[in-house]
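Trainee: This is the structure I have questions about; it appears just below.
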Amino acid sequence: MSSVAVSKKKGFGAVLWDYLTTVDHKKLGVMYLFAGVLFFAIAGFEALLMRIQLMVPNNDFISAGLFNELLTMHGTTMLFLAATPLLFGFMNAIVPLQIGARDVAFPFLNSLGFWLFFLGALFLHLSFFMGGAPDAGWTSYASLSLYSPGHGIDFYVLGLQISGAGTLISGINFIVTIITMRAPGMTFMRMPLFTWTTLISSSLILFAFPPLTVGLFFMLVDRMFGANFFDHTMGGNTIIWEHLFWIFGHPEVYILVLPAFGLFSEIIPVFARKRLFGYSSMVFATILIGFLGFMVWAHHMFTVGMGPTANAIFAIATMAIAVPTGMKVFNWILTIWGGSIKVTVPMIYALGFIPSFVAGGVTGVMMATAPLDYQLHDSYFIVAHFHYVIVGGIVTAIFASMHYYWPIMFNRTLNEKLGFVTFWVFFIGFHLTFFLQHFLGLMGMPRRVFTFQADQGWDLFNYISSIGAIMMAIGVVLLVINVLLSVKTPPVNRRDYWGDGRSLEWSIQLPVPFYNFKQTPLVRGFDPCWLEKQEGNKEMMTYAEPLGDIHMPNNSILPLIMSIGLFIAAFGALYHPDGVSWSVPVIVIGLGITVLAMITRSVKDDHGFHVHVEEVIATEEHLYGKGGNK
Amino acid sequence: MGHHNEVQAKSQAQYEYDRHHNAVHMKKQVVNFAIMIFLTFLAFAVVVADFSPYLIKPFILLLAGIQVVLQLYSFMHMDDKNGHHIGVISTYVWSGAMIIFPVFLAFVTIIWW
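This is the structure:
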């Protein structure tokens, strides 16, 4: 691996092997992105089937049991296997470039995190073909899920356990990367907002995923090995699951929405062509949201019967989150205010995001009012609220960032015109689908029902809602077409694609070489790319070191092998309650493979390799033509 | 795969400094270890002495907290002022404690009182 494959076209097998073994944060970012899009499409298709079922009253398009499975898999997939990896994709691809690093702190763990996530997700989705998917909702409340027949819930527990381990590993990796790998001069208060939100949301992952792991482990031994943590007839307590789940589950929504805030905080100043308003208050608000996010989990459980004291305290704590979030919204508006605005596709998503997300936030404060929540609980109002937050906040951020960062990730561009069409189709579809669901909820339509009786005043709104869902699906298809068309666009091959880039990633000449920076940059202030441009620096970067040998990590197949081991072991655990004779051997073999791979990793010293100066110069000439990166 | 096999000769002064430093460190660790054993003994003692559960429970929880802090600072090197990123590590450990403490408090006071 020490010789760079300059100017050699690789065969299919070699490319495949490269992707299976890669530890390069840019390639892993692309893999996260495509895996995320795949699961986003699957979960979106599930949603479409549900909306077709609910289009007219007393529909029999799909059965009640299948509806429960689709509903569970839609929620689980969207949160764990679509939104998380899509955001991880951008974090992987962009954060090291923003802080001036050549890779993440633990490239091997980065790869392990991806493969654990992917095989866990694959395992969960195999449930459709192996006797039925989980059907107890994405929250999988214990009393319901303990008695769910078949293996659906077992798939949920084992799949999420594996992919959750991957997420935790990636989270720790980003914390260490951002703390230790910043370029000289990149102080904490000069970090771009996306890096800040990645740091905070990775910290939330660090503190929030262990409770989920514990909860899933309890569920695993309850269902598969006969324990009684949640069985009240045996002295257990079913409410423990709800607490454990929501101590994880509430921070989880901030884990997802904070990077989305970060992405918009990158996009808005670039296209308003104005410094981000209130940078330090943005950082402070991010930290405060992260902290408060842990203090409010019980607002999902107001109707459980915790008593008025607990309900009141959690209601107040929940409303408090509106304060830092409001700070952020005002900062975005004041960044746009007085700017010289360029409405590009990323910017129009940002402009659509602000009102949509505020609407979701306002309904959130309504539901935080505990007495009102007794009315709204388990109705379509809840469904409308969290879709406004998740689609209006996170999905728009992901779509905007795909357009915004496509040049850096692929050295290609997404079509602007098609992008605008996609935005309008998706955005109108989104509001058609979910705006009316607020009123369906207020009219009393319960959530998670597979059909409803006619003439309760719900028919028209459900019909319109389903039309909106179809429009959203068309929007996603258009985006995928845009991605496919981008293959044919000419390569960008320059710096600062948008012309108004501010943070360090825009200073890099495209395509980004595998070592990112031929010389580590020196960061002389906030928005380094903007700063250098203002001072007339054509290279848009000041260097902190002379050109020298670059130390890079070696590729490895071990992360994939470790993940496959756990994947195999999960099948053993899954069939254990059936009393089959091979279940324990399969668990032992699977865990054995993982442990052997871990031992191999520990025993074999791997110090990486050095890219020598001549190879750096050769690579630069190959990428940027004669004279290299000048 | 080359192994790192660098050998560096220590000067006499360096050797004596290291020796003294290690001795001080060792003494500190033994003392802390003795304190931890003593605290464990106290925990057993209050149970054997048959005090009221209203004393025993908070007392044992308090001891547990002290044990965790001792463990982190004396055996997991958080007392090392010159450690890499020690400030960040302390921030993370204590903010983790700050996050989990209200959760714990919420459970024992308002959720399952």
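Protein sequence lines, in the order shown, are assigned to chains A and B.
Each residue of the first sequence is one higher than the one before, counting from 1 in our numbering.
Each residue of the second sequence is one higher than the one before, counting from 1001 in our numbering.
Built from N, CA and C at the ideal position, the CB exists for glycine as well.
1) Are the Cβ atoms of serine 163(A) and leucine 116(A) separated by less than 8 Å?
2) If you drop the 5 nearest sequence neighbours on each side, which residues of the same chain put their C-beta closer than 8 Å to that of leucine 1055(B)?
3) Which value, in whole angstroms, describes the spacing of the CA atoms of isoleucine 205(A) and phenylalanine 174(A)?
4) What residues from chain A crowd round glycine 1096(B), counting only those whose CB sits closer than 7 Å?
5) Could you tell me whether any non-hydrogen atom of the ligand GTP is closer than 7 Å to the CB of alanine 322(A)?
6) Answer with yes or no whether the minimum CB distance from valine 1088(B) to chain A is below 8 Å.
7) Return the CA-CA distance between leucine 596(A) and glycine 468(A), expressed in angstroms with no decimal places.
8) To which residues of the same chain is phenylalanine 155(A) closer than 8 Å at the C-beta, ignoring the five residues directly before and after it?
9) Give the residues of chain B in contact with phenylalanine 248(A), contact being defined as C-beta atoms less than 8 Å apart.
10) Using a cut-off of 9 Å between C-beta atoms, extract the partners of histidine 1077(B) located in chain A.
11) Report the three-state DSSP secondary structure of threonine 542(A) (helix, strand or coil).
12) To which residues of the same chain is methionine 31(A) closer than 7 Å at the C-beta, ignoring the five residues directly before and after it?
13) List, in order along the chain, the chain A residues whose C-beta lies closer than 8 Å to that of valine 1007(B)?
14) Going by the beta-carbon positions, is the gap between phenylalanine 683(A) and valine 221(A) smaller than 8 Å?
15) If contacts are defined as beta-carbon pairs under 8 Å, then isoleucine 394(A) and alanine 83(A) qualify, I think. What distance do you get, rounded to the angstrom?
16) Is the beta carbon of isoleucine 57(A) sitting closer than 8 Å to the one on threonine 451(A)?
17) Check whether chain B comes within 8 Å of phenylalanine 302(A), counting only Cβ atoms and requiring the distance to be less than that.
18) Listed from N- to C-terminal order along the chain, which residues in the segment 266-296 of chain A have their beta-carbon within a distance smaller than 8 Å of any beta-carbon of chain B?
19) If we ignore side chains and look at the alpha-carbon of each, how far apart do isoleucine 617(A) and lysine 518(A) end up?
20) Could you tell me which of Leu87(A), Pro346(A), Ser111(A) and Ser486(A) sits nearest to leucine 199(A), measuring between CA atoms?
21) Within the continuous beta strand (DSSP E) that includes methionine 552(A), where are the two ends?
22) Would serine 170(A) be called buried (16 or more neighbouring beta carbons within 10 Å of its own) or exposed?
23) Using only the alpha-carbon positions, how far apart do isoleucine 42(A) and phenylalanine 1044(B) sit?
24) When DSSP labels each residue in this structure, what does serine 265(A) get in the three-state scheme?
25) Residues in its own chain within less than 7 Å of tyrosine 624(A) by CB, not counting five upstream and five downstream?
26) According to a CB-to-CB cut-off of less than 7 Å, which residues of the segment 154-181 of chain A neighbour chain B?
27) Helix, strand or coil for proline 490(A), going by three-state DSSP, please let me know.
28) So the candidates are Gly159(A), Gly293(A) and Ile589(A); which of them puts its Cα closest to the Cα of valine 323(A)?
29) Exposed or buried, glycine 499(A), counting other C-beta atoms within 10 Å across all chains shown (16 or more means buried)?
30) Confirm, please, whether the CB-CB distance from proline 511(A) to asparagine 415(A) is below 8 Å.
31) Please list the partners that methionine 306(A) has in chain B, where partner means a Cβ-to-Cβ separation under 7 Å.
32) In chain order, what residues of the same chain have a beta carbon less than 6 Å from the beta carbon of isoleucine 52(A), not counting five sequence neighbours either side?
33) Under 8 Å, Cβ to Cβ, is there at least one residue of chain B near threonine 489(A)?
34) Mark glutamate 69(A) as exposed unless 16 or more other C-beta atoms lie within 10 angstroms of its C-beta, in which case mark it buried.
35) Return yes when the Cβ of leucine 28(A) is within less than 8 Å of the Cβ of phenylalanine 80(A), no when it is not.
Mentor: The short version:
1) yes
2) Val1046
3) Rounded to the nearest whole angstrom, the CA to CA distance from isoleucine 205(A) to phenylalanine 174(A) is 10 Å.
4) Phe207
5) Of ligands this structure carries none, so the ligand GTP is not represented either.
6) yes
7) 51 Å
8) The beta carbon of phenylalanine 155(A) lies closer than 8 Å to those of Phe123, Leu124, Leu126, Ser127, Met130, Ala133, Pro134 and Leu574 in the same chain, with the five residues before and after it left out.
9) Ordered by position in chain B, no residue passes the 8 Å Cβ test against phenylalanine 248(A), which lies about 12 Å from the chain.
10) Within chain A, no residue comes near histidine 1077(B); the closest Cβ sits about 17 Å away, beyond 9 Å.
11) strand
12) Closer than 7 Å at Cβ, skipping near neighbours: Tyr19 and Phe114.
13) Result: empty, since nearest Cβ-Cβ is about 17 Å, beyond 8 Å.
14) This structure cannot speak to residue 683(A), because chain A is shown only from 1 to 630.
15) 5 Å
16) Per the sequence shown, residue 57(A) should be read as proline rather than isoleucine. Yes, they are a contact pair.
17) It does not: the Cβ of phenylalanine 302(A) has no partner Cβ on chain B nearer than 8 Å.
18) Phe291, Phe294 and Met295
19) Looking at the two C-alpha atoms, the distance is approximately 9 Å.
20) Leu87(A)
21) 550-552
22) By the Cβ neighbour-count rule, serine 170(A) is buried, with 16 or more other Cβ atoms within 10 Å of its own.
23) 56 Å
24) helix
25) Gln509
26) Ile179 and Thr180
27) coil
28) Gly293(A)
29) exposed
30) Their beta carbons are not under 8 Å apart, which means asparagine 415(A) does not touch proline 511(A) by this criterion.
31) Ile1111
32) Phe61
33) Not closer than 8 Å to any Cβ of chain B, the Cβ of threonine 489(A) fails to qualify, so no.
34) buried
35) no
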